[in-house]
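Undergrad:
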Amino acid sequence: AGTAPGKKITARLKRTLPVRGPQAPTLSELMRWYCLNTNTHGCRRIVVSRGRLRRLLWILLTLSAVGLILWQCAELLMNYYSASVSVTVQFQKLPFPAVTICNINPYKYSAMKEYLSELDKETKKALETFYGFSEGKSKVRRSVEEWNRTGSDFFQQIPLLKVEDLSRTATDLNSGQKRKIEGSVFHKDSSIVNAGDSNDIIGFQLCDANNSSECALYTFSSGVNAIQEWYKLHYMNIMAQIPLETKEKLSYSADDLLLTCFFDGLSCDKRHFTRFHHPLHGNCYTFNSGQNGTVLSTSTGGSEYGLQVVLYIDEEDYNPFLVTSTGAKIIVHDQDEYPFIEDIGTEIETAAATSIGMHFTRSRKLSKPYSDCTETGADIPVENLYNKSYSLQICLHSCFQKAMVDSCGCAQYAQPLPAGAEYCNYKKNPNWMYCYYKLHEKFVKEQLGCQQICKDACSFKEWALTTSIAQWPSTASEDWMLRVLSWDKGQKLNKKLNKTDLANLMVFYKDLNERFISENPANTLVILLSNFGGQLGLWMSCSVVCVIEIVEVFFIDSLSIVMRRQWQRAKKWWNNRQGAGPGKPTQPGDVERQGHDNPACIDEDLPTFNTALRLPLPQDSPLPRTPPPNYSTLRLESAFTEQLPDTLELSQH
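Residue 653 is where the sequence shown ends in full-length UniProt numbering, and the numbering goes up by one at each step.
1. Whole angstroms is fine: what's the gap from Cys43's alpha carbon to Leu77's?
2. For a test of the three-state rule: what should DSSP assign to Leu30, helix, strand or coil?
3. Report the option in Ile394, Tyr370, Ser371 and Pro369 whose CA atom is closest to the CA atom of Pro381.
4. Considering only C-alpha positions, which residue in the set Tyr318, Asn237, Phe532 and Cys408 is nearest to Asn210?
5. With DSSP collapsed to three states, give me the class of His234.
6. Ignore the nearest five residues each way along the sequence and tell me which others in Tyr34's own chain have a CB closer than 6 Å to its CB.
7. Buried or exposed: which applies to Gln535, given that a residue is buried once 16 or more other Cβ atoms fall within 10 Å of its Cβ?
8. From the DSSP output, read off the bridge partner residues of Ala470.
9. Please identify the residue among Lys388, Tyr370 and Val163 whose C-alpha is closest to the C-alpha of Thr376.
10. For Pro279, does the count of other Cβ atoms within 10 angstroms reach 16, so buried, or fall short, so exposed?
11. Return helix, strand or coil for His359, following the three-state DSSP convention.
12. Along the chain, where does the beta strand (DSSP E) that runs through Tyr509 open and close?
13. Between Gly293 and Thr286, what straight-line distance do the alpha-carbon atoms span, to the nearest angstrom?
14. Helix, strand or coil for Ser459 per DSSP?
15. What runs of the beta strand (DSSP E), each 3 residues or longer, lie entirely inside the stretch 265-318?
16. In chain order, what residues of the same chain have a beta carbon less than 7 Å from the beta carbon of Gly203, not counting five sequence neighbours either side?
17. Name, in chain order, the residues that DSSP records as bridge partners for Val163.
18. Using a Cβ-based criterion (distance less than 7 Å to any ligand heavy atom), does Ile453 qualify as near the ligand HEM?
19. In the DSSP assignment, what are the bridge partners of Lys365?
20. Can you tell me where the beta strand (DSSP E) holding Ala328 begins and where it ends?
21. Under 8 Å by Cβ, that's how I've got Ile469 and Ala352 pegged, so tell me the actual separation to the nearest angstrom.
22. Please name the residue in Thr354, Arg364 and Asp343 whose C-alpha comes closest to that of Phe516.
23. Mind checking Asp590: buried by the 16 CB within 10 Å criterion, or exposed?
24. Taking 8 Å as the cut-off, decide whether the C-beta atoms of Trp472 and Asn504 are in contact.
25. To the nearest angstrom, how far is it from the Cα of Arg483 to the Cα of Leu259?
26. Alpha carbon to alpha carbon, how far is Ala195 from Glu128?
27. Whole angstroms is fine: what's the gap from Asn319's alpha carbon to Cys373's?
28. Can the beta-carbon of Glu315 be found closer than 8 Å to that of Asp501?
29. If you draw a straight line from the alpha carbon of Trp58 to that of Gln447, how long is it in whole angstroms?
30. Considering Cα atoms alone, identify which of Pro339, Gly306, Asp334 and Ser541 is closest to Ser459.
31. Residue range of the alpha helix (DSSP H) that Asn575 falls in?
32. Do you know offhand how far Gln241's Cα is from Pro430's?
33. Sort Asn513, Trp574 and Asn523 by Cα distance to Pro95 and report the nearest one.
34. What distance in whole Å lies between the Cβ atoms of Lys108 and Asp317, which are believed to be in contact at a cut-off of 8 Å?
35. For Met112 and Leu250, what's the separation of their Cα atoms in angstroms?
36. Counting contacts by CB-CB distance shorter than 8 Å, is Trp472 in contact with chain B?
Listed below in structure tokens is the structure:
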């Protein structure tokens, strides 16, 4: 069956009429169609305005509105990722934190002399050589020759040097030889105490065991600080070789450290404390550690309802070269946190009553995309060596220890031991000190990458401490109080207590107000979309449907037009390549079928009868003549192959 005449007419009309809308053949026609049909009034006014000035003004206004929309939407988008801070204060019964107490002197000096006798002997010789110091004798400076006869392996490992800063030469205190300072020089902490000439600087040199020319000199303004730092290096090397069980016996027991204990007005004893061994502070004891599953709490603020302990410091048994202050160190922390006493510990004086008032604060930060914090630390590529809840300090120390094991082949003594590693010592790792100092230098300069990897915890607890000190015991009560305490401890001490051996500590809540600081999103998704809609309506009288229309026209339709034009060009190029031969003659009708621009049609309206009469004649062509009529074209059957049913009935009548 043939095609219906109506369909043929419709198809011919479609081919004849101009194509507009998304199916327009060019981008300019598509943009014109969009501006005439869109709901954004600015675009429409650009097309329909008469006069160049008015059209230019509408273009400027429309572009300005688009710029303002982009700017305001960018501001809204950035504010979407901001957070507001809210503070909530609640009055309630508060859990009491864990309180870790350590003696500043980690091990009893009387018990450690067996291990430190050689080191102490060489340290005394160093003090005598530099200062003329001698126990029980007059201060007579020893000669270098006498010093050479008593030298030991300690100074062969780390030689002590007296440096002349101006000439960059150093004198070895062990051999007496002068050497030129090569390599890097690192100046450590200074002190108000200086020996001899102010130009004399004491230090020690660390060299690479595999390359003796690679050395670093660490200098100190005071010989006391230099010798003490030198002593600590050898001390850590010795302690790293002593088993943990032996070190726990060499340190203070709970009976040695604690004299009296009260909590919340009730008596307590060593059973309320948990032993915790710290590499640098020996045996420490944590009150209310929560290991038995019970966390104590308090329902009343004030010093009488907190923790009150009297500590026995035993100043006479202090190591004179390791520590220079007397007292104890405490730290207040959560039961799941590791007590970093060496970093944030608070020192407690002897012969004084130290009162520490606390304010409890819980903080909660928003994680990504609002901040770069971590919830549990599981997303941090650093192994937690402390077996406690994640914190920034745990991550930094664990990262450095891992770098220490990877670079130096052993672990640093002051931090937990990773699995499969062992602590550094001279015998197995002769290069560890030089490696440690160089690695620590990179860590401080943030060159190891630990500060970039480690993040803050999103939630944490904090106890703000307020410390006050009073003389204790008073002059009036000193005599009887020391007698009573000596009587209580007399069976173990066999001596009368001195007030410089005692420290009184009180830790309590100043009030029971719990402060909760939290971050909340400043904007929600609903508010963000509403703000976007307000900006679009204000500057462009546009809605969400208008935005969808813009996406459709400027992206989908424009892309389809560009792709269609490229496809037509490629198809035309391919047909010309396949059809045109080298000797193919030109067809007679080719020139006649070629179109040309008509200069008479200067407007955009369709040609009329009058404009058609004004069309110029083509050059070298005869004048047009009216052809005779061909009446056969009026016959319907020649134009339509099939007669419609209604016309068939009319012809029969």
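Positions of the beta carbon are idealized from the N, C-alpha and C atoms, including for glycine.
TA: Taking the coordinates as given:
1. Counting from 1 along the sequence shown, the entry for residue 43 is found at position 43. Counting from 1 along the sequence shown, the entry for residue 77 is found at position 77. Each residue's alpha carbon lies about 26 Å from the other.
2. Translated into positions along the sequence shown, residue 30 becomes position 30. In this structure, Leu30 counts as helix in the three-state DSSP scheme.
3. By 1-based counting over the sequence shown, the position of residue 381 is 381. Of the candidates Ile394, Tyr370, Ser371 and Pro369, the one whose C-alpha sits nearest the C-alpha of Pro381 is Ile394.
4. Within the sequence shown, the letter at position 210 stands for residue 210. Here the closest residue by C-alpha is Cys408.
5. The residue labelled residue 234 in the question sits at position 234 within the sequence shown. Three-state DSSP puts His234 in a helix.
6. Sequence index remark: in the sequence shown, residue 34 carries index 34 (1-based). Taken in chain order, the residues that qualify are Val553.
7. The count along the sequence shown starts at 1 and reaches residue 535 at position 535. The residue in question, Gln535, is buried, as its Cβ has 16 or more Cβ neighbours within 10 Å.
8. Here the question's residue 470 lines up with position 470 in the sequence shown. Looking at the DSSP assignment, Ala470 forms a beta bridge with Ala353.
9. On the sequence shown, position 376 is the one that residue 376 refers to. With distances taken between Cα atoms, Thr376 lies closest to Lys388.
10. As a first step, residue 279 must be located in the sequence shown, where it is residue number 279. Per the 10 Å Cβ criterion, buried.
11. Numbered from its first residue, the sequence shown carries residue 359 at position 359. Three-state DSSP puts His359 in a strand.
12. Taking the first residue of the sequence shown as position 1, residue 509 is located at position 509. Looking at the DSSP string, the run of the beta strand (DSSP E) that includes Tyr509 is Leu502 to Tyr509.
13. Translated into the one-based positions of the sequence shown, residue 293 becomes position 293. Translated into the one-based positions of the sequence shown, residue 286 becomes position 286. Each residue's alpha carbon lies about 14 Å from the other.
14. Along the sequence shown, one-based indexing puts residue 459 at 459. Strand, per DSSP.
15. 273-278, 282-287 and 307-312
16. Stepping through the sequence shown from its first residue, residue 203 is reached at position 203. Same-chain partners within the cutoff: Leu161, Val163, Leu217, Tyr218, Thr219, Phe220 and Ala226.
17. Here the question's residue 163 lines up with position 163 in the sequence shown. Val163 pairs with Ala170 and Ile201.
18. Of ligands this structure carries none, so the ligand HEM is not represented either.
19. Translated into positions along the sequence shown, residue 365 becomes position 365. In the DSSP output, where bridge partners are listed per residue, Lys365 has none listed.
20. To locate residue 328, count along the sequence shown from 1; it is residue 328. Residues Ala328 to His333.
21. Sequence index remark: in the sequence shown, residue 469 carries index 469 (1-based). Sequence index remark: in the sequence shown, residue 352 carries index 352 (1-based). Yes, Ile469 and Ala352 are in contact; Cβ-Cβ is about 5 Å, under 8 Å.
22. For the purposes of this step, residue 516 is identified with residue 516 of the sequence shown, where counting begins at 1. Checked all of Thr354, Arg364 and Asp343; the closest Cα to Phe516 is Arg364.
23. Sequence index remark: in the sequence shown, residue 590 carries index 590 (1-based). Below a pLDDT of 50, predicted positions are generally treated as unreliable, and Asp590, at 46, falls in that range; the measurement from the model is reported next regardless. With fewer than 16 Cβ atoms within 10 Å of its Cβ, Asp590 is classed as exposed.
24. As a working mapping, residue 472 is identified with position 472 in the sequence shown. As a working mapping, residue 504 is identified with position 504 in the sequence shown. Cβ atoms of Trp472 and Asn504: closer than 8 Å.
25. What you label residue 483 is simply residue 483 of the sequence shown in a count that begins at 1. What you label residue 259 is simply residue 259 of the sequence shown in a count that begins at 1. Roughly 13 Å between the two C-alpha positions.
26. For the purposes of this step, residue 195 is identified with residue 195 of the sequence shown, where counting begins at 1. For the purposes of this step, residue 128 is identified with residue 128 of the sequence shown, where counting begins at 1. Here Ala195 scores only 38 on pLDDT, less than 50, and its place in the model should not be relied on; the value that follows carries that caveat. If you take the alpha carbons of Ala195 and Glu128, they lie about 12 Å apart.
27. For the purposes of this step, residue 319 is taken as the residue at position 319 of the sequence shown. For the purposes of this step, residue 373 is taken as the residue at position 373 of the sequence shown. About 42 Å.
28. Reading the sequence shown from its first residue, position 315 is the one you call residue 315. Reading the sequence shown from its first residue, position 501 is the one you call residue 501. Cβ atoms of Glu315 and Asp501: closer than 8 Å.
29. Taking the sequence shown and counting its residues from 1, one reaches residue 58 at position 58. Taking the sequence shown and counting its residues from 1, one reaches residue 447 at position 447. Taking the straight line joining both Cα atoms gives about 57 Å.
30. Translated into positions along the sequence shown, residue 459 becomes position 459. Residue Asp334 is the option with its Cα nearest to Ser459.
31. Walking along the sequence shown from the start, residue 575 turns up at place 575. Element bounds for Asn575: Ser558 to Gly579.
32. By one-based count along the sequence shown, residue 241 stands at place 241. By one-based count along the sequence shown, residue 430 stands at place 430. For Gln241 and Pro430, the distance between alpha carbons rounds to 14 Å.
33. Working through the sequence shown from its first residue, we reach residue 95 at position 95. Out of Asn513, Trp574 and Asn523, Asn513 has the C-alpha closest to the C-alpha of Pro95.
34. Indexing the sequence shown from 1 puts residue 317 at position 317. Indexing the sequence shown from 1 puts residue 108 at position 108. Correct: roughly 5 Å between the Cβ atoms.
35. For the purposes of this step, residue 112 is taken as residue 112 along the sequence shown, with counting starting at 1. For the purposes of this step, residue 250 is taken as residue 250 along the sequence shown, with counting starting at 1. Each residue's alpha carbon lies about 7 Å from the other.
36. Reference to chain B is not applicable here, since this structure consists of a single protein chain.
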